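Participant:
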Amino acid sequence: MKYVVVGSGLFGSVFAHEAAKRGHNVVVLEKRNHVGGNIYTKEIEGIQVHEYGAHIFHTNNKDIWTYINNFSDFNNYINSPIANYKDEIYNLPFNMNTFNKLWGVIKPEDAKSKIESQKKELNINNNPSNLEEQAISLVGIDVYKKLVKGYTEKQWGKSAKNLPAFIIRRLPVRFTYDNNYFNDTYQGIPIGGYTPIIEKMLDSKLIDVKLNTDFFDHRNEYLNSNCKIIFTGMIDQFFDYKLGELEYRSLKFDTRVLNQNNYQGNAVVNYTDSETKFTRIIEHKHFEFGKGNKNMTVVTKEFPQKWHRGCEPYYPINDKNNKVLYSQYVKMAKKEQPNVVFGGRLGQYRYYNMDQTIMAALQIVKREL
Ligand code: FDA
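FYI, UniProt numbering numbers position 2 of the sequence shown as 2, with every residue one higher than the one before it.
(1) What are the boundary residues of the beta strand (DSSP E) that HIS58 is part of?
(2) Quick check on this structure: which residue in LEU223, ASP142 and PHE182 has the alpha carbon closest to the alpha carbon of GLY104?
(3) Check whether the Cβ atoms of VAL6 and PHE231 lie closer than 8 angstroms to each other.
(4) Between the alpha carbons of LYS42 and THR255, how many angstroms are there, rounded?
(5) In the structure shown, what three-state DSSP assignment does ARG22 receive?
(6) Check whether the region 74–90 and the region 179–193 touch, using three or more Cβ-Cβ pairs below 8 angstroms as the test.
(7) DSSP has HIS50 in a bridge; who is on the other side?
(8) Do LYS291 and ILE47 have their CB atoms nearer than 8 angstroms?
(9) Have a look at GLU18 and ASN70 and give me their C-alpha separation to the nearest angstrom.
(10) Excluding the 5 residues flanking TYR351 on each side, which residues of the same chain have their C-beta closer than 7 angstroms to its C-beta?
(11) Would a C-beta distance cut-off of 8 angstroms place ILE136 and LEU147 closer than the cut-off?
(12) Please report the distance separating the alpha-carbon of LYS335 from that of GLN328.
(13) Give the DSSP-derived three-state secondary structure of ILE207 in the structure shown.
(14) Can you find at least 3 beta carbon pairs, one from the region 26–40 and one from the region 8–16, that sit closer than 8 angstroms?
(15) Just checking my contact of ILE115 with GLY150 at CB under 8 angstroms: how many whole Å lie between their CB atoms?
(16) Let me know if LYS214 comes out buried or exposed under the rule of 16 or more other beta-carbons within 10 Å of its beta-carbon.
(17) Could you spell out where the beta strand (DSSP E) holding SER137 opens and where it closes?
(18) Closest to THR176 by CA distance: which of VAL4, ILE207 and PHE99 is it?
(19) What did DSSP end up calling ILE358 once you bin it into helix, strand or coil?
(20) Touch check for the region 234–253 and the region 298–312: three-plus C-beta pairs under 8 angstroms?
(21) Report the partner residues of ASN84 according to the DSSP bridge assignment.
(22) Out of curiosity, what's the CA-to-CA distance linking MET332 and LEU223?
(23) How should LEU131 be labelled, buried or exposed, when 16 other C-beta atoms within 10 angstroms of its C-beta is the threshold for buried?
(24) If we ignore side chains and look at the alpha-carbon of each, how far apart do THR279 and GLY23 end up?
(25) The ligand FDA heavy atoms versus the CB of ASN180: any closer than 7 angstroms?
(26) Closest by CA to ASP273, which one among LYS112, GLU153, ASN353 and ILE64?
(27) Rounded to the nearest angstrom, how far is the Cβ of ASN84 from that of ASN270, given a contact under 8 angstroms?
(28) Should VAL6 be counted as a contact of the ligand FDA given a C-beta to heavy atom distance under 7 angstroms?
(29) Under three-state DSSP, which class holds THR255?
(30) Among PRO81, VAL4 and ILE39, which has the Cα closest to the Cα of MET354?
(31) Given 7 angstroms as the limit, tell me if ASP208 has its C-beta closer than that to any heavy atom belonging to the ligand FDA.
(32) From which residue to which residue does the alpha helix (DSSP H) around PHE99 run?
(33) Have a look at PHE166, ARG174, LEU211 and ASN339 and flag the residue whose alpha-carbon is nearest the alpha-carbon of SER225.
(34) By DSSP, does LYS62 sit in helix, in strand, or in coil?
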């Protein structure tokens, strides 16, 4: 069987790798000028730059951790972001270090009772009607005002009062002095970056990668062939937006090379006030413990953007309307395109972490191959 994989991101590359391993021929079409999709990294001054936003691999799934370690060694990076609120510095996720800095509390029970008293003061009931009420009911007013409100409003481009409560089902709050953002057992950054992982996955005589090739320029040719298509682009675009557009939030990245060794002392610093237009600054060398040029550093500011056709879709907006629309596209796909499998974050209109993307791709492998 011959497969055409549209997109050389993590999903497409895992599928292509597994198909070739089983003796199938695969053509990978990639519209960008490089492989890897959003996990692509590029070396600048000996530093692995995460071109499409910070990517930290983390998972609780031992099989997935073993799987990805077949393609690279990982360092023992632990994600411990910092929040900068008008030049006040706080630890994330919200933990005893954060609460101590905010209120001077030392014991967990003092932090808990402070949050409880703030919740009571504002009389938030158990059924919050918007994101603001939901966040205050989880962390109290001080944490909300300094660390949640501005960041979230920038991220979504809307007032927290006009955002649905479900976006923040839970906020990571911990009553320990632990700055590790993730609770997962396995965590790290691939030594040498993510691009070599993808290159290794696609390194087979049976895989033909065509860069700078948009599926939609060759749609009829591939749809009329006998190949099975694994499509990891946007499902609504595949159907020419016939039922309407699925909504996304987009991002703009401003990356600069600076003539200094150390700009901010941490890989990830979130700017949580509403006046600063960007949400965070990534200093890439801190993912790798002092690797790269000692006199230079590379930093990236992330600016959330309204999405429109033609700009890069990053975060699906999984509200009720979009969910309904997506399920209509799925029905259409089943009826009209039985030879096409829609996968990955764009094909399945879902926010997938990298471990979930691999899991989803391996599920399709199991079903198809
Ligand atoms: P991805 O978008 O990577 O790949 C799709 C590919 O298809 C792209 O290369 C695209 O160019 C191509 N394509 C689309 N349409 C096409 C067409 N018509 N023709 C040809 N090619 C086409 N996860 C995690 O575990 N830890 C983290 O820290 C982060 N951080 C993070 C930050 C940001 C800003 C985002 C947006 C996401 C993350 N993620 C993450 C999630 C991670 O990026 C995600 O799991 C994978 O990149 C998903 O891989 P896919 O292959 O599904 O999509």
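Virtual Cβ for every residue (Gly too), placed ideally from N, Cα, C.
Since the structure is predicted, the reported quantities are computational estimates derived from the model, not experimental observations.
Facilitator: In terms of the structure at hand:
(1) Numbered from its first residue, the sequence shown carries residue 58 at position 58. 57–59 is the span of the beta strand (DSSP E), which, as asked, contains HIS58.
(2) Residue 104 sits at position 104 when you count from the first residue of the sequence shown. It is ASP142.
(3) Here residue 6 refers to the residue found at position 6 of the sequence shown. Here residue 231 refers to the residue found at position 231 of the sequence shown. For VAL6 and PHE231, yes; Cβs fall inside 8 angstroms.
(4) Position 42 of the sequence shown, counted from the first residue, corresponds to residue 42. Position 255 of the sequence shown, counted from the first residue, corresponds to residue 255. Taking the straight line joining both Cα atoms gives about 12 angstroms.
(5) Taking the sequence shown and counting its residues from 1, the one referred to as residue 22 is at position 22. DSSP places ARG22 in coil when its eight states are reduced to three.
(6) yes
(7) As a working note, residue 50 is residue 50 in the sequence shown. THR41.
(8) On the sequence shown, residue 291 is found 291 positions in, with the first residue counted as 1. On the sequence shown, residue 47 is found 47 positions in, with the first residue counted as 1. Yes, they are a contact pair.
(9) Locating residue 18 in the sequence shown gives position 18, where the first residue counts as 1. Locating residue 70 in the sequence shown gives position 70, where the first residue counts as 1. Each residue's alpha carbon lies about 13 angstroms from the other.
(10) Mapped onto the sequence shown, residue 351 falls at position 351. The answer, listed in chain order, is TYR315, PRO316 and ARG345.
(11) Your numbering for residue 136 matches position 136 in the sequence shown. Your numbering for residue 147 matches position 147 in the sequence shown. Contact flag unset, no.
(12) The sequence position of residue 335 within the sequence shown is 335, counting from 1. The sequence position of residue 328 within the sequence shown is 328, counting from 1. Cα to Cα, LYS335 sits roughly 11 angstroms from GLN328.
(13) Looking up residue 207 in the sequence shown gives position 207. Three-state DSSP puts ILE207 in a strand.
(14) yes
(15) Translated into positions along the sequence shown, residue 115 becomes position 115. Translated into positions along the sequence shown, residue 150 becomes position 150. Incorrect: roughly 20 angstroms between the Cβ atoms, too far for contact.
(16) For the purposes of this step, residue 214 is identified with residue 214 of the sequence shown, where counting begins at 1. Inspection of the sequence shows that residue 214 is occupied by Asp rather than by Lys. Label assigned to ASP214: exposed.
(17) The residue given as residue 137 occupies position 137 in the sequence shown. Segment 131–143 is the alpha helix (DSSP H) holding SER137; no beta strand (DSSP E) there.
(18) If you number the sequence shown from 1, residue 176 lands on position 176. Nearest C-alpha to THR176: PHE99.
(19) As a position in the sequence shown, residue 358 is number 358, starting the count at 1. In this structure, ILE358 counts as helix in the three-state DSSP scheme.
(20) yes
(21) Counting from one through the sequence shown, the residue named residue 84 turns up at place 84. Answer is ILE89 and TYR271, bridged to ASN84.
(22) One-based indexing of the sequence shown puts residue 332 at position 332. One-based indexing of the sequence shown puts residue 223 at position 223. MET332 and LEU223: Cα-Cα distance of roughly 16 angstroms.
(23) By 1-based counting over the sequence shown, the position of residue 131 is 131. With 16 or more Cβ atoms within 10 Å of its Cβ, LEU131 is classed as buried.
(24) For the purposes of this step, residue 279 is taken as residue 279 along the sequence shown, with counting starting at 1. For the purposes of this step, residue 23 is taken as residue 23 along the sequence shown, with counting starting at 1. THR279 and GLY23: Cα-Cα distance of roughly 45 angstroms.
(25) Start at 1 with the first residue of the sequence shown, and residue 180 comes out as number 180. False, no ligand heavy atom lies under 7 angstroms from that Cβ.
(26) For this step, residue 273 is matched to residue 273 along the sequence shown. Checking every option, the nearest Cα to that of ASP273 belongs to GLU153.
(27) The residue given as residue 84 occupies position 84 in the sequence shown. The residue given as residue 270 occupies position 270 in the sequence shown. Correct: roughly 7 angstroms between the Cβ atoms.
(28) Looking up residue 6 in the sequence shown gives position 6. Yes, Cβ of VAL6 sits closer than 7 angstroms to a heavy atom of the ligand FDA.
(29) Start at 1 with the first residue of the sequence shown, and residue 255 comes out as number 255. Here THR255 sits in strand by DSSP.
(30) For the purposes of this step, residue 354 is taken as the residue at position 354 of the sequence shown. Measuring from the Cα of MET354, the nearest candidate turns out to be ILE39.
(31) Here residue 208 refers to the residue found at position 208 of the sequence shown. No; taking the cut-off as 7 angstroms, the Cβ of ASP208 has no heavy atom of the ligand FDA nearer than that.
(32) Taking the sequence shown and counting its residues from 1, one reaches residue 99 at position 99. Element bounds for PHE99: 96–103.
(33) The count along the sequence shown starts at 1 and reaches residue 225 at position 225. Cα-wise, what sits closest to SER225 is ASN339.
(34) As a position in the sequence shown, residue 62 is number 62, starting the count at 1. Note: LYS62 maps to helix in three-state DSSP.
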